[in-house]
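Keeping their order, the protein sequence lines are chains W and D.
Take the first sequence: its letter number 68 is residue 80 in the numbering used here, and every next letter is one higher.
Take the second sequence: its letter number 1 is residue 13 in the numbering used here, and every next letter is one higher.
The C-beta atom is built at its ideal place from N, Cα and C for all residues, glycine as well.
Read through the structure below, which is laid out as structure tokens, and then see the notes.
There are 2 protein chains.
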Amino acid sequence: MAIRPTTDTARCGPCAQWRDGDGPLIREILNRVGDKWSILVIGTLSTTPMRYSDLHAAIPGLSQRMLTLTLRQLQRDGLVDRVAYAEVPPRVEYSLTPLGETLLDTVSSLAQWALDHRDEIETNRASFDAATG
Amino acid sequence: MAIRPTTDTARCGPCAQWRDGDGPLIREILNRVGDKWSILVIGTLSTTPMRYSDLHAAIPGLSQRMLTLTLRQLQRDGLVDRVAYAEVPPRVEYSLTPLGETLLDTVSSLAQWALDHRDEIETNRASFDAATG
DNA sequence: CCGTATCCTTGGAGATACTG
DNA sequence: CAGTATCTCCAAGGATACGG
């Protein structure tokens, strides 16, 4: 039934678990990566810890509401650390946890893939659109 | 201003381009990866080329509409190849292109990350939820 | 400064029915 | 078999205003 040799299946071991499983699903994690704001927040924090207002300013189009929600999610998963200083005026700093940094590394390789193939994809799209009319 | 040494910035070279750029955006590609169905279709096709109805059967919850839309997107980007045989009844086979396979490899490493850290994340969530109440 | 609360809109996605 | 065509719904997300 398999047209390709069965050994090829081994290339995508994790794929078998993409559809279900216990605990945090692969799907949930891929969702976070695919999420527009999560990835931008993580990328922005990769350089340096930042305050809430700095993040807000650094990421155009990101509303306060979504920034808060995104940070809570990342914090809950242990990807981002939140430290509030009891000062006046209040100061809160967000930074990547070690776990967050490992995710960043992995996502970066995906971003690198995108950079490496963006021209090829653009060409593919153009010829597809031309053929489709 | 940077709290971490500047050399750390180099770890995420592509991050600088996550927010803009010409041609297909990094963002668009991450969206595709984060997309529920795209990734399942790609993962399903990793084993063997498949027909439309096979894909439909193989991925529970995927409607015809979304399957068609997803396949078109993947095809347009050159990630998936579509071959229609002039037979009765009609037969159409979908398969990963070489480009699609390279994406699969990259995404697999992300899925592997998810597998490697799912327990840790689950623990993080539990303690966060406990602390939050 | 760092958020929360509320309203409101939009487009993504399921269900269903139909065609080459 | 392999799609297309509508209709509908609902929840993600923006805008705005307010609170600790």
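Other residues of its chain near residue i: CB distance less than 6 Å, five sequence neighbours each side excluded
i        : result
D/Thr21  : Note that D/Thr21 has pLDDT 44, beneath the 50 cutoff, so the model's placement of it is unreliable and no number is given.
W/Gly112 : Leu91 and Val92
D/His68  : Leu79
D/Gly73  : none
Beta-carbon proximity of residue i to residue j, cut-off 8 Å
i        : j        : result
D/Gly46  : W/Gly55  : no
D/Leu81  : W/Trp30  : no
W/Met62  : W/Tyr106 : yes
W/Gln87  : W/Arg77  : no
W/Ile38  : D/Ala123 : yes
D/Ile133 : W/Asp89  : yes
Under 8 Å by beta carbon: chain D residues contacting residue i
i        : result
W/Pro125 : In the sequence on display, residue 125 of chain W carries Trp and not Pro. Neighbours of W/Trp125 on chain D, chain order: Ile41, Thr114, Leu115 and Thr118.
W/Glu132 : Gly90 and Leu111
W/Val45  : Leu42, Val45, Gly46 and Leu122
Chain W contact residues for residue i, given Cβ-Cβ distances below 8 Å
i       : result
D/Trp30 : Ile51, Leu52, Gly55 and Ala123
Close Cβ partners of residue i (< 8 Å) along its chain, the five nearest in sequence each way excluded
i        : result
W/Ser65  : none
W/Ala126 : none
D/Ile71  : Trp49, Leu52, Val53, Thr56 and Leu79
W/Gly85  : According to the sequence as given, residue 85 of chain W is Gln; it is not Gly. Within the same chain, W/Gln85 has close Cβ partners Arg44 and Ser50.
W/Asn136 : none
Own chain partners of residue i with C-beta closer than 7 Å, once the 5 adjacent residues on each side are dropped
i        : result
W/Pro17  : Here the model assigns W/Pro17 a pLDDT of 39, short of 50, so the residue's position is not dependable, and the following value carries that caveat. Same-chain partners within the cutoff: there are none.
D/Ser121 : none
W/Ser58  : Leu108 and Leu116
W/Arg103 : Arg63 and Tyr97
Closer than 7 Å at the beta carbon, the chain D residues around residue i
i        : result
W/His129 : Leu111
W/Arg103 : In chain order: nothing, as chain D lies at least about 13 Å away.
Partners in chain W for residue i, counting only beta-carbon separations shorter than 9 Å
i       : result
D/Gln76 : Chain W residues near D/Gln76: none, gap ~19 Å exceeds 9 Å.
D/Arg94 : Neighbours of D/Arg94 on chain W: none; closest Cβ ~10 Å, over 9 Å.
Under 7 Å by beta carbon: chain W residues contacting residue i
i       : result
D/Arg63 : Ordered by position in chain W, no residue passes the 7 Å Cβ test against D/Arg63, which lies about 11 Å from the chain.
Completely contained alpha helix (DSSP H) runs for the stretch 64–121 of chain D, where each covers 4 or more residues
64–70 and 76–88
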